[in-house]
Structures are given as C-alpha cells and as structure tokens.
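The end of the sequence shown is residue 1085 by the numbering used here, with every number in the run present. For each residue, glycine too, the CB sits at the ideal point set by N, CA and C.
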Amino acid sequence: MIKTKKIAFLGAGSMAEAMISGMIHSNIVPAKNIVVTNRSNKERLLELENKYGVQTSKRVDLDTTDIDVFILAMKPKDAEQALSSLKPNITKDQVVLSVLAGISTAFMEDLLHEEQQVVRVMPNTSSMIQQSATAISPGQYTAMDSVILTKELLSSIGQVYVIDEKQMDIFTGIAGSGPAYFYFLMEHIEKAAKEEGLDPEVARAIGAQTIYGAARMMMERDETPTELRENVTSPNGTTAAGLKALEEHGGGTAIMRAVKGASDRSKEMSEQLEKVSNEA
C-alpha cells in the first residue's frame, strides 16, 4: 500500500517542493513518510519541515535502509556525485526516480548497481496544485510493480504518461517547460491591458480564466485545437485581427521554436553529462 512507502527527496529546490506539496495535499503519502535532504542548506530544510511537516536530514546522515523510493531533485550538474554516493547505500529492491532534465536511465544505471531499478520522470511545477503533466520512462531493469508504484505515486500530482525515453526530450519541451510559456503569455497580456488602462490584477484574473477555459475545452470536447480556433474566429472579426497580428509577428513560429529549443537543450544536457561521466 502506497501510504506505507517511504520517500526520500535528494534535493530541496522548487520542483521537490512542488512534488512534496502535491503528495501531501492529495493525501497519498503522509508527511511523516517523506524525508528531504540536501548537502548544506539547513535553512531550506527547516523551511520545508515547518511548512509541510516532512522529515529532514543532511544527505550524509540519511538512513537509506527503510527508503522505498529515492527521488533525485538536485541540480543536474550534481547528479553524478549524488548517484555515486548513493550506490553503496541502496539495494536493487529500492527504486530511484530522477526528475532532472537530461538525466537518462542509462546514465543512472551506469552509476548505480547492475540491474538497479530506475525511472526517468519529467513533471512540471503545476505539481504544487496536483495539475502536473508528468511523463515517466522506466529503465530496462525496472520491475512492473515499481512502474505501477511510480505511476500511483505521481498520480498524486496530476496526470501521468508512460512514454518511450526517446520522446522525453520533446516532452520536456512541451510539458516540463510549458508552464513558463503560458506565464510569459500572461505577462504580455497584462502589459497590453495596462497600456489600455485595465487594472493589471483584473487582467490577470481574466487571462487566467480564459486560458483555463480554453484548456478545459480542449480536454472535454472531441475537437482539435485547429477546429476550436476556427470555431471562434469569424471573418474580419476581432479574433481574426488578433490572430493575424500574432502570425505577422511570428507567433506560431516562436512557439514552435520555444518547444524545440527546450527539447534540444534537454538532449544537449544529457549528452554533456554522459560525456563528462565517460571521461571521468
């Protein structure tokens, strides 16, 4: 039963907090079964302990014997050291998840035990409100029971999709980085509203509701985004004028380049980490 599982976060940044918040607020894992570690930032650990009631520990003091799932949530550049330090203290029965962009299952397997159970995970910060779009790609030695456990655990923070690891970079470009694209859009909606004299807070509420409504339309209706757009675009109307301005200023192309740029960077990070590891 998942409520009895013990989870250890190695890293205490914003993604770790988003996942912790989602897991606790969905009541799938009790706070007492979550331990959070980092290398040296005691103030950050105390903040999370006070805010969520989780257990905290310096990484060197972490008792790994009763941990079921380790979640790597440090900076990607620190992953190799963290995995190497973890290796002597875990068994193949324990599962290692990585939420780090660019960290492949092969990279984790090479640094841990032979036949170690690992899962590559890409959530986003909407985990904080249990609305993440999360992809998982299990390693070659990961048991089906561990995949099911991972899906159940991560379903506490949103929707979970099992994908081929080759698709993880593009998923990162869409969902991992995706929330920032919409925040960027909202920034500029607010700027345009302010220039026209509309209160920025009102504009923010209107924009957020509009995005939320459009998302619900895509999720609940059996129509493509193109069909939905065409349905609300009258010839020579206001929507047509707005879309024309977007196209004239590279709106569609910019969005595609943003997704590809994030995807390419994820692939590049993975290649860099593997190169450094091979040279060590």
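Residue burial classification, residue i (beta-carbon count within 10 angstroms, cutoff 16)
i: PRO928; result: buried
i: VAL967; result: exposed
i: ASN843; result: buried
i: GLY1055; result: exposed
i: ARG1034; result: exposed
i: LEU917; result: buried
i: ALA1020; result: exposed
i: SER889; result: exposed
i: THR977; result: buried
i: THR861; result: buried
i: LEU1051; result: exposed
i: VAL834; result: buried
i: ILE829; result: buried
Closest Cα partner of residue i within the set the options
i: PHE875; options: LYS882, MET949 and ALA887; result: ALA887
i: PRO943; options: VAL1037, SER960 and VAL923; result: VAL923
i: GLN935; options: GLY1056, ASP1069, GLU822 and SER831; result: SER831
i: LYS1072; options: LYS897, ASP974, LYS882 and ALA1008; result: ASP974
i: THR939; options: THR861, LYS1065, ASP915 and ALA906; result: ALA906
i: ALA1063; options: ALA1008, ILE979 and SER890; result: ILE979
i: GLY827; options: ARG1021, SER1039, PHE987 and SER960; result: SER960
i: ASP915; options: ALA1013, ALA1046 and GLU885; result: GLU885
i: GLU822; options: GLU1000, GLY858 and GLU992; result: GLY858
i: MET949; options: THR930, ASP898 and ILE829; result: ASP898
i: GLU970; options: ALA1010, SER1075, LEU1051 and MET933; result: SER1075
i: ILE941; options: GLN964, THR930, LEU851 and GLY1002; result: GLN964
i: MET824; options: ASN894, LYS882, PRO881 and SER931; result: SER931
Residue i to residue j span [Cα, whole Å]
i: LEU863; j: VAL841; result: Per the sequence shown, the amino acid found at residue 863 is Lys instead of Leu. Spanning the two alpha carbons is a distance of roughly 8 Å.
i: GLU957; j: TYR1017; result: 26 Å
i: LEU990; j: ASP871; result: 45 Å
i: SER819; j: GLU848; result: 14 Å
i: THR1029; j: MET1023; result: 7 Å
i: GLN921; j: GLU995; result: 48 Å
i: VAL1007; j: THR1015; result: 12 Å
i: GLY1057; j: LEU1048; result: 10 Å
i: THR896; j: MET1061; result: 42 Å
i: PRO1040; j: ILE1011; result: 24 Å
i: GLU1001; j: ASP873; result: 55 Å
i: ASN894; j: LEU851; result: 25 Å
i: LYS880; j: ARG1070; result: 15 Å
i: ASP883; j: MET806; result: 32 Å
i: ARG1009; j: ILE908; result: 36 Å
i: GLY1042; j: ARG1026; result: 24 Å
i: MET933; j: LYS810; result: 20 Å
i: GLU1053; j: VAL904; result: 37 Å
i: PHE987; j: LYS856; result: 28 Å
i: GLU1032; j: LEU1003; result: 31 Å
i: LYS1065; j: ALA1059; result: 10 Å
i: GLN945; j: GLN972; result: 16 Å
Nearest-angstrom Cβ-Cβ length linking residue i and residue j, presumed shorter than 8 Å
i: ASN838; j: ILE812; result: 6 Å
i: ALA878; j: LEU853; result: In fact, because the Cβ distance is near 12 Å, the residues do not count as touching under 8 Å.
i: THR955; j: LEU902; result: 6 Å
i: LEU1078; j: PHE912; result: 6 Å
i: THR947; j: ARG925; result: Not quite, the Cβ-Cβ distance comes to about 10 Å (not below 8 Å), so this is no contact.
i: ALA997; j: PRO1005; result: Not a contact, Cβ separation roughly 11 Å.
i: SER982; j: ALA1067; result: 4 Å
i: VAL900; j: SER951; result: 5 Å
beta-carbon residue i near the ligand MG non-hydrogen atom, thresh 6 Å
i: ALA836; result: Annotation note on the ligand MG: not contained in the displayed structure, which lists no ligands.
Within the stretch 930 to 1007, ranges of the beta strand (DSSP E) (whole runs, at least 3 residues): As for any beta strand (DSSP E) of minimum length 3 sitting wholly inside the stretch 930 to 1007, the runs are 937 to 943 and 963 to 967, ordered along the chain.
Segments of 4+ residues assigned as alpha helix (DSSP H) that fall wholly inside the stretch 860 to 933: Taking only runs of at least 4 residues, the alpha helix (DSSP H) segments lying wholly in the stretch 860 to 933 are 884 to 891 and 910 to 916.
Enumerated in chain order, which unbroken segments of the beta strand (DSSP E) with a length of 3 residues or greater are wholly contained in the stretch 1000 to 1073? none
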